[in-house]
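All you need for the working numbering is the position in the sequence shown, starting with 1, plus 210. Positions of the beta carbon are idealized from the N, C-alpha and C atoms, including for glycine. Below: the structure, in structure tokens.
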Amino acid sequence: MKDFHLLLAIFKDAVSGKYKVSKATMATIGGAILYVVSPIDAIPDFLPLIGWTDDIAVVGFVVARLAKEIENYKLLMRK
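Dropping the structure here:
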């Protein structure tokens, strides 16, 4: 959940102009956010325990793919 909140923060700061990212990064993060909040996905969220598995996998994939960008964001936000 911490990773998802971090993606939300990056997205929000990018939209507000506080943090610059590429269009591809915005699309990747935006797609992940939409997937997680959408009630329609590969494994329905209403299924106990397994319902969030695909959402967690998507967030994990995006965090791994954007690891360098996320590290840059964390460093900038510490200042």
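Exercise for review: Might you give, ordered along the chain, the residues of its own chain that have their beta carbon closer than 7 Å to the beta carbon of Y283, omitting 5 neighbours on each side?
Suggested key: Translated into the one-based positions of the sequence shown, residue 283 becomes position 73. For Y283, where only same-chain residues beyond five positions count, the Cβ hits under 7 Å are I220 and Y229.
Review point. Apart from the five residues just before and just after K278, which ones in its own chain have a Cβ nearer than 6 Å to its Cβ?
Key: Counting from 1 along the sequence shown, the entry for residue 278 is found at position 68. For K278, where only same-chain residues beyond five positions count, there are no Cβ hits under 6 Å.
Review point. Can you give the Cα-Cα distance for L217 and L259, rounded to whole angstroms?
Key: To locate residue 217, count along the sequence shown from 1; it is residue 7. To locate residue 259, count along the sequence shown from 1; it is residue 49. Cα to Cα, L217 sits roughly 23 Å from L259.
**Study point:** Inter-residue CB distance, T263 and I253 (contact presumed, cutoff 8 Å)
**Key:** Mapped onto the sequence shown, residue 263 falls at position 53. Mapped onto the sequence shown, residue 253 falls at position 43. The pair is a contact, with the Cβ atoms about 6 Å apart (cut-off 8 Å).
**Study point:** Reduced DSSP category for L259 - H, G, I as helix; E, B as strand; rest coil
**Key:** Numbered from its first residue, the sequence shown carries residue 259 at position 49. Here L259 sits in coil by DSSP.
**Study point:** Buried or exposed (CB count within 10 angstroms, at least 16 for buried), V272
**Key:** To locate residue 272, count along the sequence shown from 1; it is residue 62. Looking at its Cβ environment, which holds 16 or more other Cβ atoms inside 10 Å, V272 is buried.
Review point. Can the beta-carbon of A242 be found closer than 7 Å to that of V268?
Key: Along the sequence shown, read from residue 1 onward, the residue named residue 242 stands at position 32. Along the sequence shown, read from residue 1 onward, the residue named residue 268 stands at position 58. Closer than 7 Å, so yes.
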